[in-house]
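K.L.:
Going by my numbering, the first residue of the sequence shown is number 1163, and it counts up by one from there.
All C-beta atoms, glycine included, are put in the ideal place defined by N, C-alpha and C.
Since the model is a prediction, treat every value here as computed from it, not as a measurement.
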Amino acid sequence: MGETPKRVISGLTLAGMFIFCITWQGMYMFPLYLFVLAFAILGIIEFYKLAEAKIGTPIPKTLGVISTVVLMTLVYLAWQANYYVKGMPLYSESIKNALNLLKFNYALLGGLAFVFLFSVMKVQLLKNRVENSLLILAIYTLSVIYIPFTFSHVFLLYSLEHGLFYVWIVAWATAMADTGGYFMGRTFGRNKVGFAVSPNKTYEGYILGGFMQIGLVVLFYHVAKANFTVPEYSYVEIALFGFVTYLASILGDLSESLIKRDAGIKDSGNLIPGHGGVLDLLDAMLITIPAAYYYFYVVQELRRL
């Protein structure tokens, strides 16, 4: 089977799984938690393999995986605390009180950061090796910020009123950013930008792709608003959202390319036929999801002034 059929089949399969996980409201949206957690774990493992290829030293992956599970689980539970109400299956006051403790808390956040840093230092000290220690400590810290921290914003995005709409529009905006840049670059691309990490990118592809993406994002909102109950935004605000996610998508794509090129590896993995690895698939969304959440959060806060 050729690469294109593999890419289409694997893409449709993952899209189907994603749609099921974000739309099915049962089981406290536990399928969405498992889906996001699985991709975060696979992504951080791929990140460590890229780092190993660069520095030539094995990196213990257990701490990173545990940190990913803890971070994603806490954010998921904090999200569910807002929706865990009387009348739901398995409801109990003790569980509700425990979940309430997970709502944003500076002491909890600081405690988790301390435990993570302490654990990273301890693991490196127990290895009883000085070589590459600074690099490994930096890799551990970056890996947790780059993958589970950013990807956990899926739950924060869903926590907004009409959360499903926000997840849909971010997924659409990210996909159209990639599609617009690709087709406009292939059709009209003449003048190369000159990025060392992605030398074939052109000014025409970026500029025309941006206009295409913004137009399609505004169209998505227009159609959604005409047929469903969605939050109220002006078309200017939606267009600005499209612009923000377009820039975030470019940053996500180039950031992963930078890491892979420095490691001397073409694809982050081969888990997804036709696409490469998990990081190859998620590179843009690791940046667009947090960017979208903070954009809409700021817009909503400004309205309260």
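#1: Which value, in whole angstroms, describes the spacing of the CA atoms of Val-1285 and Ile-1228?
#2: By Cβ distance below 7 Å, which residues in the same chain neighbour Leu-1416 in space, the five residues on each side in sequence not counted?
#3: Return the residue from the list Val-1460, Leu-1464, Ile-1427 and Asn-1362 that minimises the CA-CA distance to Glu-1208.
#4: So, for Glu-1418: in the same chain, excluding its five sequence neighbours on each side, which residues have a beta-carbon less than 6 Å away from its beta-carbon?
#5: Does the beta-carbon of Ala-1388, which I'm using as the reference point, lie nearer than 8 Å to any heavy atom of the ligand HEM?
#6: Does the separation of the CB atoms of Tyr-1302 and Val-1332 fall below 9 Å?
#7: For Gly-1426, name the three-state secondary structure that DSSP assigns.
#8: Nearest CA to the CA of Leu-1409: which residue from Ala-1337, Phe-1350 and Lys-1211?
#9: How many whole angstroms separate the CB atoms of His-1315 and Ile-1451, which I take to be in contact at a CB cut-off of 8 Å?
#10: Which same chain residues, not among the five before or five after Lys-1216, have their C-beta less than 7 Å away from its C-beta?
#11: Rounding to the nearest angstrom, what Cα-Cα distance links Leu-1318 and Phe-1403 in this structure?
#12: Smallest Cα separation from Thr-1349: which of Ala-1339, Ala-1335, Val-1355 and Thr-1364?
#13: Just the C-alpha distance for Ala-1401 and Gly-1205, rounded to the nearest angstrom, thanks.
#14: Closer than 7 Å by C-beta to Asn-1294: which residues in its own chain qualify, once you throw out the five before and the five after it? Chain order, please.
#15: Report yes if the CB atom of Leu-1233 is closer than 9 Å to the CB atom of Leu-1274, and no otherwise.
#16: Taking buried to mean at least 16 other C-beta atoms within 10 Å of its own C-beta, is Tyr-1411 buried or exposed?
#17: Per the DSSP calculation, Lys-1354 is bridged to which residue(s)?
#18: With DSSP as the reference, identify every bridge partner of Gly-1438, one or two as the case may be.
#19: Enumerated in chain order, which unbroken segments of the alpha helix (DSSP H) with a length of 4 residues or greater are wholly contained in the region 1269-1349?
#20: Under 8 Å by Cβ, that's how I've got Pro-1310 and Thr-1230 pegged, so tell me the actual separation to the nearest angstrom.
#21: Taking the C-alpha atoms as reference points, what is the distance between Phe-1458 and Val-1292?
#22: In the DSSP assignment, find the unbroken alpha helix (DSSP H) run with Gln-1242 in it and report its ends.
#23: Does the Cβ of Phe-1280 have 16 or more other Cβ atoms within 10 Å, making it buried, or fewer, making it exposed?
#24: Can you give me the start and stop residues for the alpha helix (DSSP H) that Met-1447 sits inside?
#25: For Leu-1239, does the count of other Cβ atoms within 10 angstroms reach 16, so buried, or fall short, so exposed?
#26: Mark Val-1170 as exposed unless 16 or more other C-beta atoms lie within 10 angstroms of its C-beta, in which case mark it buried.
#27: Would you decide whether Gln-1375 is buried or exposed? Buried here means 16 or more other CB atoms lie within 10 Å of its CB.
#28: Give the secondary structure of Ser-1396 by DSSP, where H, G and I count as helix, E and B as strand, and everything else as coil.
P.N.:
This is what the structure holds:
#1: 13 Å
#2: Phe-1357, Val-1359 and Ser-1360
#3: It is Ile-1427 whose Cα lies nearest to the Cα of Glu-1208.
#4: Leu-1441 and Asp-1445
#5: With respect to the ligand HEM, the structure offers nothing, as it holds no ligand at all.
#6: no
#7: coil
#8: Ala-1337
#9: 5 Å
#10: Asp-1424 and Ala-1425
#11: 17 Å
#12: Thr-1364
#13: 31 Å
#14: Ile-1217 and Thr-1219
#15: The Cβ atoms of Leu-1233 and Leu-1274 lie closer than 9 Å to each other.
#16: The question names Tyr, but residue 1411 in the sequence shown is Ser. Its Cβ being crowded by 16 or more others within 10 Å, Ser-1411 is buried.
#17: Lys-1354 is bridged by DSSP to Thr-1364.
#18: Ile-1434
#19: 1295-1306 and 1315-1321
#20: 4 Å
#21: 45 Å
#22: 1224-1243
#23: exposed
#24: Its alpha helix (DSSP H) spans residues 1447-1465.
#25: buried
#26: exposed
#27: buried
#28: coil
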